[in-house]
Amino acid sequence: METAKRRARKALVDVRHCVACGCCVKVCPVAAITIYKGQQARIDLARCVGCGRCARECPASVIEIQEVET
Amino acid sequence: MKKHWYDYLWIASLSYLILGFVNILFAWLGLICFFLPLAISIGKGTKGYCNRYCGRGQLFSLLGGKFGLSRKKDVPGWMRSRGFRYGFLIFFFAMFFQMLWTTYLVFSGAQDLKQVVTVLWTFRLPWNWAYHGTLFSPGVAQFAFGFYSVMLTSTLLGLATMVLFKPRSWCVYCPMGTMTQLICRARNGAP
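These protein sequence lines map, in sequence, to chains H and P. In terms of my numbering, the first sequence opens at residue 20 and continues consecutively. In terms of my numbering, the second sequence opens at residue 16 and continues consecutively.
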């Protein structure tokens with residue numbers, strides 16, 4: 020029997036272009052984002068609910084909501 | 016989300032801009048926005064200033080977000096490229112040192128104090144109404160005029176990109192932000 024794969028919407032960061040401003044951290048309703056070593060946003064995918072607020076807020080538009088298999 | 020005291024620092028940024036119209040010597044206070052981010056990035060290795068305390072970012076976020084003065088479009092690709100960000104940082108530095116040089120010339124007496132605020136490195140606005148003399152050297156006032164020019168210019172650029180793109184698109188090419196990110200990378204190593 021095929022195991023059922025669950026697909027969930029998660030925020031993914033293009034770290035190469037992230038400016039580490041922290042706008043995403045401020046708007047995340049579940050506190051899933053941290054700025055790692057002053058260089059890039061990191062998203063805790065276990066916490067991320069894929070709401071997309073960070074993607075909308077990001078001034079550099081480097082966050083995208085994508086469907087990932089969990 | 017719970018509001019903290021530092022979520023109101025946009026009031027300080029706004030007051031700074033207004034105070035420059037009252038007495039230009041207040042421009043010296045802007046040095047806080049220069050040394051604090053550097054101190055945090057060098058000392059702690061984080062962009063804590065950008066992330067929490069930047070009043071200008073909060074002001075743009077408020078005007079562009081709550082007041083809806085932003086188209087909320089993506090910034091063009093070139094604007095977030097490293098080439099542009101580093102290039103703008105170098106250009107900003109060059110203009111900053113030119114301003115320091117002018118200050119030095121006034122301090123040494125080789126040049127007279129000019130009561131103007133230069134916007135976008137080009138337009139010289141008469142600003143004598145905000146100058147009421149200085150107790151020290153005219154160089155002190157010259158630095159204030161020069162520094163306020165830097166602050167006003169960057170605010171105007173930030174407002175322009177706020178309207179055109181996302182509210183805080185200034186953060187993408189902010190020289191202080193680029194510089195502190197580079198310091199964090201040098202200090203912590205690339206992740």
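In this text, a Cβ means the ideal position worked out from N, Cα and C, and glycines have one as well.
Within the stretch 142-176 of chain P, no residue has a Cβ lying closer than 7 Å to any Cβ of chain H. If you draw a straight line from the Cα of residue 70/P to the Cα of residue 152/P, it is about 31 Å long. Considering only beta carbons, the part of the stretch 31-65 of chain H lying closer than 7 Å to chain P consists of 36, 38, 39, 40, 41, 42, 44, 54, 55, 56, 57, 58 and 59, in chain order. In the DSSP annotation of this structure, residue 21/P is not part of any alpha helix (DSSP H), being labelled neither H nor E. For residue 183/P, the chain H residues whose C-beta falls within less than 7 Å of its own C-beta are 40, 42 and 78, listed in chain order. Straight-line spacing of the CA atoms in residue 89/H and residue 61/H works out to 18 Å. At least one CB of chain H lies nearer than 8 Å to the CB of residue 200/P.
In the three-state reduction of the DSSP assignment, residue 141/P falls in the strand class, which pools E and B.
Contact between the stretch 53-63 of chain P and the stretch 187-202 of chain P is present: 3 or more CB-CB pairs across the two stretches fall below 8 Å. Restricting attention to 86/H, 81/H and 87/H, the CA atom closest to the CA of residue 92/P is found in 81/H.
Around the C-beta of residue 64/P, 16 or more other C-beta atoms lie within 10 Å, and the residue is accordingly described as buried. In summary, the residues of the stretch 95-121 of chain P whose CB is separated from some CB of chain H by less than 9 Å are 95, 96, 97 and 100, in the order they occur in the chain. Here residue 57/H has 39 as same chain residues with Cβ atoms under 8 Å from its own Cβ, once five neighbours each way along the sequence are excluded. Around the C-beta of residue 184/P, 16 or more other C-beta atoms lie within 10 Å, and the residue is accordingly described as buried. Apart from the 5 residues on each side of it in sequence, residue 88/P sits with its Cβ closer than 8 Å to the Cβ of 179, 180 and 181 in its chain, given in chain order. The C-beta distance from residue 86/H to residue 43/H rounds to 19 Å, too long to fall under 8 Å, and the pair is not in contact. Beta-bridge partners of residue 55/H (DSSP): 59/H. Listed along chain H are 56 and 57, each with a C-beta nearer than 9 Å to that of residue 60/P. Here the C-alpha atom of residue 42/P lies approximately 10 Å from the C-alpha atom of residue 167/P. Per DSSP, residue 126/P lies in no alpha helix (DSSP H) segment and is marked neither H nor E.
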